[in-house]
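**Student:** After the structure tokens below, expect a handful of questions from me.
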Amino acid sequence: MSESDPIAYADAIAELDEILAELERDDVDVDHLADRVRRASELVRICRDRISASKLEVEQIVADFDA
Amino acid sequence: MTLSVTELNAQIRGSLARAFPAEVWVRGEVQKLSQPPSGHVYFTLAEQRGGQTAAAMPVTLLAREKRKIDAELAGLPVELVNGAEVRIRAKVTVYVPRGQLQLEMTALDPYFTMGKIAAQRSRVLAALSAEGLLEHNRRLAMPELPMRVALVTSRDSAAYHDFVHELEESGFGFLVFSCDARVQGQDAPRSLAAGLRAAVMTRPDVIVVVRGGGAAHDLVAFDHEAVARLIALAPVPIIVGVGHQVDRSVADEVAHTSRKTPTACAQFLVATVREAVSAIDDRWQSIVGAARTSLARQERSHTEVHDRVEQRTRHHVGRAEQRVNALADALRRSATVALRSQAHQIDVRLTRVAERAEVRLERRSVMLDHRLERLRRAATAPFEPASKHLDGVDARVRALDPARVLARGYSITRTADGRVARKVADFVVGDALHTRLAEGVVVSRVEATEEQ
Chain A
0 MSESDPIAYA
10 DAIAELDEIL
20 AELERDDVDV
30 DHLADRVRRA
40 SELVRICRDR
50 ISASKLEVEQ
60 IVADFDA
Chain B
0 MTLSVTELNA
10 QIRGSLARAF
20 PAEVWVRGEV
30 QKLSQPPSGH
40 VYFTLAEQRG
50 GQTAAAMPVT
60 LLAREKRKID
70 AELAGLPVEL
80 VNGAEVRIRA
90 KVTVYVPRGQ
100 LQLEMTALDP
110 YFTMGKIAAQ
120 RSRVLAALSA
130 EGLLEHNRRL
140 AMPELPMRVA
150 LVTSRDSAAY
160 HDFVHELEES
170 GFGFLVFSCD
180 ARVQGQDAPR
190 SLAAGLRAAV
200 MTRPDVIVVV
210 RGGGAAHDLV
220 AFDHEAVARL
230 IALAPVPIIV
240 GVGHQVDRSV
250 ADEVAHTSRK
260 TPTACAQFLV
270 ATVREAVSAI
280 DDRWQSIVGA
290 ARTSLARQER
300 SHTEVHDRVE
310 QRTRHHVGRA
320 EQRVNALADA
330 LRRSATVALR
340 SQAHQIDVRL
350 TRVAERAEVR
360 LERRSVMLDH
370 RLERLRRAAT
380 APFEPASKHL
390 DGVDARVRAL
400 DPARVLARGY
410 SITRTADGRV
420 ARKVADFVVG
430 DALHTRLAEG
440 VVVSRVEATE
450 EQ
């Protein structure tokens, strides 16, 4: 995970699950509902970005065999 | 006598031929293997003791012998490579141009090498097992999203390209740290170990160690204890794909996940990421679904409130209506009752009037009766004395009635000719007497007469 990412993938997934659990309860008020769905879509976007936004990138590491 | 060098070497070769008339079987470790374009193979067969080379002998394998040996080894996991423990058949001879004692190899015993490899693997596995390292890497959780991949292999090899190509095809944004390392040859164990250390330094999600295809069976580096330890103790899961061979290397045993080819390793990663993507999609769908459900629920609850308000209103209106009706009924009922009680009172009065009228009438009637009686009495009174006299006459008349005398026990006796007997003289013995009693007549005969 690069430093610019504010949230780890596993945390994002956990938060998504949390939101889901929240939405499945009976006592969500509509204003809050919109907030939560907005947050969920943001998390999904973050996760998707992490997976597929960039092209495959290869960095070359030269191991120092003689060390 | 002076010999030329050639003669000397030839004589030595002759002596050796006499000393070793047949080929010999020799075992040792292959070192310094070289295969120049001529097709011949040269190496040193060495005996290691305590980490040192205790004895060594150059070996020459001519190209035509090599072809024969290669054919025999086809399909077996044995190859003439540096570090390999081999048992070879060879002729002990001298290479005259250099005066060099050497073995001319003609055969290789693959089963000796296989046994050595197996023994080595067993030894390393036993050592790792004793330290609890066999399952060490496998116990690490595979990250849900293994996007940072440290790839340990020979850069630009077929394995490298197969792996990277497969990741590229997926369209996912993998970040690959290519850690160059030799995977075959004498340097392989050390190079592989260095590559693994470099890989860990990149702080990846996962480390992949792959080796190219081809016919190579050199797994020495992957059976090496130091490499195995690095794999076992790596801080992230390690995926190993070292070839198509039937038997598994020590690296396969200690790695988190083992696949046969570099491509299969890449597919495993892609599948893992794809699963994560689908998990995210599932969650998103669930959240959208839950949000919709929640909204629907809210809407429903609004409707319910509306319905309830309406229901309550109807209920209250209904109740009010009922109450009014009840009051009206009560009013009607009490009016009826009042009327009825009035009527009753009238009835009672009527009855009393009637009763009183009756009593009066009764009284009048009684008084009338009295008057009638008095009238009757007054009317009959003048006839009373005559009536009494008549009554006395009647009594006397009735007292003379013979029937009444007879009833008192008297009887009347008559003669046969019907005269009332009054005197004894009227009768003689034998006369019939007809005696009349109150009830009937007795006929009797006179037996005697007595005058009184």
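As they're listed, the protein sequences go chains A and B. Note that numbering that gives the first Met the number 0 numbers the first sequence so that position 63 is 62, with each residue one more than the last. Note that numbering that gives the first Met the number 0 numbers the second sequence so that position 326 is 325, with each residue one more than the last. Every residue, glycine too, gets a C-beta built ideally from N, C-alpha and C.
1. What are the residues that DSSP puts in a beta bridge with Met459(B)?
2. Starting from the C-beta of Met0(A), find all residues in its chain whose C-beta is less than 6 angstroms away, skip the five residues before and the five after it, and write them out in chain order.
3. With 8 angstroms set as the bound, which would you pick, yes or no: does the beta-carbon of Asp30(A) sit closer than that to a beta-carbon of chain B?
4. Glu28(B) and Thr59(B): beta carbons closer than 8 angstroms?
5. For chain B, find out if any of its Cβ atoms is closer than 8 angstroms to the Cβ of Ala13(A); answer yes or no.
6. Buried or exposed: Ala385(B), going by 16 or more other Cβ atoms within 10 Å of its Cβ?
7. When we look at the beta-carbon of Ser333(B) and count the other beta-carbons within 10 Å, is it buried (16 or more) or exposed?
8. I need the DSSP call for Lys65(B), collapsed to helix, strand or coil.
9. Name the chain A residues whose beta carbon is nearer than 8 angstroms to that of Val272(B)?
10. Tell me the residue span of the alpha helix (DSSP H) that contains Tyr409(B).
11. Would you tell me roughly how many angstroms separate the C-alpha atoms of Cys525(B) and Gln59(A), rounded to the nearest one?
12. Taking the straight line between their C-alpha atoms, what separation do you get for Glu320(B) and Leu326(B)?
13. Would the beta-carbon of Leu150(B) fall within 8 angstroms of that of Glu252(B)?
14. Which chain A residues are close to Val163(B), counting only those with a beta carbon under 9 angstroms from its beta carbon?
15. In angstroms, rounded to a whole number, what distance separates the CA positions of Glu84(A) and Glu21(A)?
16. Report yes or no: is there a C-beta of chain B within less than 8 angstroms of the C-beta of Arg47(A)?
17. What are the boundary residues of the beta strand (DSSP E) that includes Gly27(B)?
18. Three-state secondary structure (DSSP) at Ser51(A)?
19. Hey, is the region 24-31 of chain A in contact with the region 117-127 of chain B, meaning 3+ C-beta pairs nearer than 8 angstroms?
20. Under DSSP, the beta strand (DSSP E) around Gln177(B) begins and ends at which residues?
21. Between which two residues does the beta strand (DSSP E) holding Met56(B) run?
22. Going by beta carbon distance, what residues of the same chain come within less than 6 angstroms of Val456(B), once the five residues before and after it are set aside?
23. Classify Tyr159(B) as buried or exposed, calling it buried when 16 or more other Cβ atoms lie within 10 Å of its own Cβ.
24. Under 7 angstroms, CB to CB, which of the residues in the region 159-183 of chain B have a partner in chain A?
25. Since Tyr41(B) sits in a beta bridge, which residues does DSSP pair it with?
26. Using a Cβ cut-off of 8 angstroms, which residues of the region 289-301 of chain B contact any Cβ in chain A, in chain order?
27. Starting from the Cα of Ile12(A), find the closest Cα among Asp34(A), Arg38(A), Val57(A), Arg24(A) and give me that residue.
28. Check whether the region 258-267 of chain B touches the region 163-183 of chain B, counting contact only when three or more Cβ pairs, one atom from each stretch, lie closer than 8 angstroms.
29. Helix or strand or just coil, what does DSSP make of Ala250(B)?
30. Name the residues in the region 123-144 of chain B whose C-beta lies less than 9 angstroms from a C-beta of chain A; which are they?
31. Touch check for the region 94-113 of chain B and the region 66-83 of chain B: three-plus C-beta pairs under 8 angstroms?
32. With DSSP as the reference, identify every bridge partner of Gln47(B), one or two as the case may be.
33. Should His223(B) be labelled buried (16 or more other beta-carbon atoms within 10 Å of its own) or exposed?
34. So, is Asp217(B) buried or exposed, given that buried needs 16 or more other C-beta atoms within 10 angstroms?
35. Measuring only the C-alpha atoms, how far is Leu268(B) from Gly49(B)?
36. Which chain A residues are close to Ser285(B), counting only those with a beta carbon under 7 angstroms from its beta carbon?
**Tutor:** This is what the structure holds:
1. Residue numbering for chain B in the displayed model covers 0 to 451; residue 459(B) lies beyond these limits and cannot be assessed.
2. The predicted model places Met0(A) with a pLDDT of 43, which falls under 50 and marks its position as unreliable, so this point remains unresolved.
3. no
4. no
5. no
6. exposed
7. exposed
8. helix
9. Ile50
10. Here Tyr409(B) belongs to no alpha helix (DSSP H), and DSSP marks it neither H nor E.
11. Because chain B spans 0 through 451 in this model, residue 525(B) falls outside it and cannot be assessed.
12. 10 angstroms
13. no
14. Leu55, Val57
15. As displayed, chain A neither begins before 0 nor continues past 66, which places residue 84(A) out of reach and without an answer.
16. yes
17. 23-33
18. helix
19. no
20. Residue identity differs from the one stated: residue 177(B) is Ser in this sequence, not Gln. Where Ser177(B) is concerned, the enclosing beta strand (DSSP E) stretches over 174-179.
21. 51-60
22. Because chain B spans 0 through 451 in this model, residue 456(B) falls outside it and cannot be assessed.
23. buried
24. Val163, Leu166, Glu167, Gly170, Phe171, Gly172, Phe173, Leu174, Val175, Phe176, Ser177, Cys178, Asp179, Ala180
25. Ser33(B), Thr59(B)
26. Ala289, Ala290, Thr292, Ser293, Leu294, Arg296, Gln297
27. Arg38(A)
28. yes
29. helix
30. Pro142, Glu143, Leu144
31. yes
32. Thr52(B)
33. buried
34. buried
35. 43 angstroms
36. Leu19
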